[in-house]
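These notes concern the structure reproduced below.
Residue numbers (the UniProt record's numbering): 1 to 177.
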């Protein structure tokens, strides 16, 4: 199992991260597509090669090719929109918020999977990228369509743990070089 291979890359000082990777993978709060889409979108959002490869291999055993593509699309589009909308929040000149974004975001309208799943993946990535405006927007959509706080929290937890695992693996590899 690729998740086990990922856990093997995590040093003993980060045992909690390894345990969380495993326990989140075994939770049933989300559907398998929702859960593994969160894992995959989060891994691609961070981009540590070893983590991306191992999570992608594990996700491929559960997700359709369309869902794999949509999860990667969530990471890609949020990589752009999170930076843009977070910048609008940070800039003191509020005039920028009145201007049209003029950024292509077509995948948001037709992600290739259930819109709710895509929104969940976008939420996990927005947490990783630290965009409060995007977190609020996606969480609002999820709640509007019946997703519970516990389900939204599960996506946030997956994003947090994949982020931590990615940083730990990257630093362990750097230290070994």
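By construction, the Cβ of each residue, glycine as well, lies at the ideal position given by its N, Cα and C atoms.
Here the structure is a predicted model, which is why all the values come from computation and not from measurement.
- Of the candidates 10, 4, 68, 3, 10 places its Cα closest to the Cα of residue 175.
- If you look at residue 129, you'll find it in the alpha helix (DSSP H) that goes 115 to 129.
- One Cα belongs to residue 101, the other to residue 155, and the distance between them is close to 27 angstroms.
- Excluding sequence positions up to five before and after residue 39, its CB lies within less than 7 angstroms of the CB of 55, 59, 158, 162, all in the same chain and listed in chain order.
- Excluding the 5 residues flanking it on each side, residue 20 has same chain C-beta neighbours closer than 7 angstroms at 161, in chain order.
- DSSP places residue 89 in the uninterrupted alpha helix (DSSP H) bounded by 65 to 90.
- Using a Cβ distance threshold of 8 angstroms, residue 111 and residue 170 do not count as a contacting pair.
- When 33, 8, 45, 12 are compared, the shortest CA-CA separation from residue 130 is found for 45.
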